[in-house]
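The sequence shown begins at 4 in the working numbering and counts up one residue at a time.
Ideal Cβ placement from N, Cα and C applies to all residues, glycine included.
These notes concern the structure reproduced below.
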Amino acid sequence: MTDAGAAADDGGGNTWLTRSGLLLAVVLLVGVAGTGIVRRQLGLLGYNQVGRLVFLLGYGGTILIVWYGWLRPLDISGPSDEDVTYGDDEE
């Protein structure tokens, strides 16, 4: 891998479209739009119930993949008790 590819991977570069961002966009596109298109085509062919199942599994799978890959690793906790200061401690 080249240095330019490594800079794009860690988000430290000046580009807004990283490999992780591109993968997220593809997962969302396939998971939402792709399963919606497949569901519609199955409905047109007379397999409406199968189409609903495909859409539910695809959409639900997309939610789980996005949560596991991008949301779960985020540290969204607040400050710990040691980091919190109340008022002026200099006496």
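Neighbour-count burial assignment, residue i, 16 or more Cβ in a 10 Å radius
i, result
"Thr18", "exposed"
"Val29", "exposed"
"Gly34", "buried"
"Gly72", "exposed"
Three-way DSSP call (helix, strand, coil) for residue i in this model
i, result
"Val29", "helix"
"Tyr50", "coil"
"Ile40", "helix"
"Leu67", "helix"
"Trp19", "coil"
Under 8 Å between C-beta atoms of residue i and residue j
i, j, result
"Gly37", "Leu45", "no"
"Val57", "Val69", "no"
"Leu31", "Thr65", "yes"
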